[in-house]
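Below is one structure, written out as structure tokens; the observations come after it.
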């Protein structure tokens, strides 16, 4: 079955002009969670969309997504400092978080995980006992994102915020949930901090909605969040998000895209 030539279906082609001798090949980093992380296809039946991104760039793509991390834990565990140390001026860092930021800090399911944040984008804080027994000041999702944006700008890198890919939640059994709070928090921060925003949420929803409840769920073997390899490709390669990545203002470093009908 062919899909119509709409902005909701895009496929990459490998036709890019060669960079000039003075063009610096940038590195594009992805900071995210298990939905984007790379897994060994020989040992596990899930795959993150970040596994498939390298062909979209003529330069280097580095997937720093780590399973189970939130903005808070990515920073607190030192993963964020490691990423910053790898960047050079002019590099891009795409931040897509939200799946693990949900919850109540210091209680319930957050005990021992230390990853839940305060919902929202304000300056509210709360003090909790973390897994080490120490007092920790926990902030809002927006506050952690603003820290990341400021840190990247301080080292000359370019921050990009992205909406989280959706969980397969179909309230009426036919319509996939379209809006997610942490995507909207990220969108809000992108506006206040003048950062490019990639609406990965909307385009992933549109793609899976096209497929419908029954077929879409075949790409989620273990739960409603993590895709298999085919599902990971549909989350990125077969979505207009591939085109949106071209908007990162480094088109000389990206491979060009054209619209093609997709065959299912």
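In mature numbering (1 follows the signal peptide of the UniProt record, and there is no 0), the protein residues as written are -17 to -1, 1 to 247.
All residues carry an ideal CB built from backbone N, CA and C; glycine is no exception.
Status (buried if at least 16 other CB within 10 Å, exposed otherwise) for residue i
i, result
"residue 155", "exposed"
"residue 51", "exposed"
"residue 4", "Note on residue 4: pLDDT 39, under 50, position unreliable in the model; the coordinate value appears next. Exposed, by the Cβ-count rule."
"residue 157", "exposed"
"residue 113", "buried"
"residue 115", "exposed"
"residue 10", "buried"
"residue 117", "exposed"
"residue 100", "buried"
"residue 19", "buried"
"residue 175", "exposed"
"residue 43", "exposed"
Three-state secondary structure (DSSP) of residue i
i, result
"residue 64", "helix"
"residue 172", "helix"
"residue 222", "Because the pLDDT of residue 222 is 41, which lies under 50, any placement of that residue in the model is unreliable, and the number read from its coordinates should be weighed accordingly. Coil at residue 222, not helix or strand."
"residue 147", "coil"
"residue 18", "coil"
"residue 131", "helix"
"residue 188", "helix"
"residue 49", "coil"
"residue 159", "coil"
"residue 55", "helix"
"residue 69", "helix"
"residue 98", "coil"
"residue 112", "strand"
"residue 203", "coil"
"residue 36", "coil"
Supposed contact pair residue j and residue i - C-beta distance, whole angstroms, cut 8 angstroms
i, j, result
"residue 142", "residue 178", "5 angstroms"
"residue 41", "residue 84", "Not a contact, Cβ separation roughly 33 angstroms."
"residue 172", "residue 129", "6 angstroms"
"residue 47", "residue 67", "About 10 angstroms; that fails the 8 angstroms criterion."
"residue 15", "residue 80", "6 angstroms"
"residue 201", "residue 29", "About 13 angstroms; that fails the 8 angstroms criterion."
When the options are compared against residue i, the one with the closest alpha-carbon
i, options, result
"residue 23", "133, 34, 90", "34"
"residue 191", "199, 185, 184", "199"
"residue 215", "69, 11, 21, 78", "21"
"residue 58", "91, 193, 78, 147", "78"
"residue 55", "28, 124, 29", "124"
"residue 182", "147, 203, 197, 205", "147"
"residue 49", "92, 39, 98", "98"
"residue 127", "168, 18, 197", "168"
"residue 166", "32, 82, 208, 30", "82"
"residue 62", "162, 131, 209", "131"
"residue 203", "13, 93, 25, 32", "32"
Residues near residue i by beta carbon distance below 8 angstroms, same chain, minus five either side
i, result
"residue 160", "149, 150, 152, 153, 154, 188"
Chain-order list of residues whose beta-carbon lies under 6 angstroms from that of residue i (same chain, five-residue window excluded)
i, result
"residue 111", "88, 89, 119, 121"
"residue 72", "139"
"residue 145", "77, 79, 181, 183"
Close beta carbons around residue i, own chain, < 7 angstroms, minus the five adjacent residues each side
i, result
"residue 164", "102"
"residue 96", "none"
"residue 107", "101, 123"
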